[in-house]
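Visitor: Just dropping this structure here.
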Amino acid sequence: MELMERLNSVPMFLIAGAVIVMVMVLCVIFMVKSYRAGIAMGMEKEKLRNAITSSATFTLLPSVSILLGVIALAGSLGIPLPWMRLSVVGALHYEGNVADIAARAAGMPGGLGTAELTASTFVTIGFVMAAGIILGCVLCVLFLKPYLNRVRRPKKASAETQPSQKQGLGDVLFTAMFVGLVSTYIGSYVGTLTSTGDWMPLAVAFVAGLSMEVFEYVSRKRNITWLDNFSMAGSMLIGMAAAIGLGAL
Numbered sequence: 001m002e003l004m005e006r007l008n009s010v011p012m013f014l015i016a017g018a019v020i021v022m023v024m025v026l027c028v029i030f031m032v033k034s035y036r037a038g039i040a041m042g043m044e045k046e047k048l049r050n051a052i053t054s055s056a057t058f059t060l061l062p063s064v065s066i067l068l069g070v071i072a073l074a075g076s077l078g079i080p081l082p083w084m085r086l087s088v089v090g091a092l093h094y095e096g097n098v099a100d101i102a103a104r105a106a107g108m109p110g111g112l113g114t115a116e117l118t119a120s121t122f123v124t125i126g127f128v129m130a131a132g133i134i135l136g137c138v139l140c141v142l143f144l145k146p147y148l149n150r151v152r153r154p155k156k157a158s159a160e161t162q163p164s165q166k167q168g169l170g171d172v173l174f175t176a177m178f179v180g181l182v183s184t185y186i187g188s189y190v191g192t193l194t195s196t197g198d199w200m201p202l203a204v205a206f207v208a209g210l211s212m213e214v215f216e217y218v219s220r221k222r223n224i225t226w227l228d229n230f231s232m233a234g235s236m237l238i239g240m241a242a243a244i245g246l247g248a249l
């Protein structure tokens, strides 16, 4: 049996399914506890039901980008592992990049999908994908409460800046993380261009970034807030289409 057949075998699906079912059960438990807590606080049942319905609706739309991530990784790693990773604790931009980095470190110079996958390489990739995200859970257990207390602390107004104009610590950290993440990606794409002459990653990143900007512009200027739920998935699809089109050219 070939490796890819084993990666998509029934035992692999059962393992991944068991993990996902456990997470789903935990979600149901917390949802029930939250509902009961809301009732105990005096909240109206109708408002709680509306909150559940709206949350479920707006959760389905962003999940399209997660589905695209599973599809993108399934061709190289099979379906169960990406399905499990993107269904538990993880993010699309994290899983794909970590898998590619682990593949390169494990002996695939061109990255994920550029050479035949071996069993040892798959184990390495799966371990790195799972172990890398655990740090976030550990940090939340140890430091999330004091961090939230720091973020929620009332801000002191200065003579020059009003309180509403000051950025909180959370906003600053998120912006710094995002800028650093994008800079790393763009830097690697520029390095690929200068070292190998391959301009495809940089071109696709430009098209996807421009698409995201269009989504954000329309959402803000036209006050079409629901479009935010499609911005990630739409930009990914446009970027993929651009890669296919440019590759054909």
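Numbering of the sequence shown is given in the UniProt record's numbering, commencing with residue 1 and proceeding in unit increments.
Glycine is no exception: its CB is placed at the ideal position from the N, C-alpha and C atoms.
In this structure, how does DSSP classify Asp171 when only helix, strand and coil are distinguished?
Guide: Walking along the sequence shown from the start, residue 171 turns up at place 171. In this structure, Asp171 counts as helix in the three-state DSSP scheme.
Visitor: What residue from Glu216, Ala205 and Ser219 has the CA that sits closest to His93's CA?
Guide: Within the sequence shown, numbered from 1, the residue matching residue 93 stands at position 93. Per the Cα distances, Ala205.
Visitor: For the region 24–62, which segments carrying the alpha helix (DSSP H) assignment without a break, of at least 4 residues, lie completely within its bounds, in sequence order?
Guide: Listed in chain order, they are 45–60.
Visitor: If you draw a straight line from the C-alpha of Thr194 to the C-alpha of Ala248, how long is it?
Guide: Along the sequence shown, one-based indexing puts residue 194 at 194. Along the sequence shown, one-based indexing puts residue 248 at 248. Approximately 22 Å, taken between the alpha carbons.
Visitor: Could you check whether Leu7 and Phe122 sit closer than 8 Å to each other, using their CB atoms as the reference points?
Guide: Here residue 122 corresponds to residue number 122 of the sequence shown, with the count starting at 1. Here residue 7 corresponds to residue number 7 of the sequence shown, with the count starting at 1. Yes, the pair counts as a contact, with Cβ atoms nearer than the cut-off.
Visitor: Spatial neighbours of Ala98 within its chain, please: C-beta separation below 7 Å, excluding the five flanking residues on both sides.
Guide: Along the sequence shown, read from residue 1 onward, the residue named residue 98 stands at position 98. The amino acid occupying residue 98 in the given sequence is Val; Ala does not appear at that position. Cβ within range, chain order: Val128, Met129 and Gly132.
Visitor: Let me check understanding here. Comparing Cα to Cα, which of Leu14, Met212 and Ser183 lies closest to Gly234?
Guide: Position 234 of the sequence shown, counting from 1, holds the residue named residue 234. The option with the nearest alpha carbon to Gly234 is Met212.
Visitor: Please report the straight-line C-alpha distance between Ser231 and Gly110, rounded to a whole angstrom.
Guide: Locating residue 231 in the sequence shown gives position 231, counting from the first residue. Locating residue 110 in the sequence shown gives position 110, counting from the first residue. If you take the alpha carbons of Ser231 and Gly110, they lie about 29 Å apart.
Visitor: Would a C-beta distance cut-off of 8 Å place Val207 and Gly239 closer than the cut-off?
Guide: Looking up residue 207 in the sequence shown gives position 207. Looking up residue 239 in the sequence shown gives position 239. Closer than 8 Å, so yes.
Visitor: Closest to Thr118 by CA distance: which of Met4, Ala243 and Leu246 is it?
Guide: On the sequence shown, position 118 is the one that residue 118 refers to. Ranking the options by Cα distance to Thr118, first place goes to Met4.
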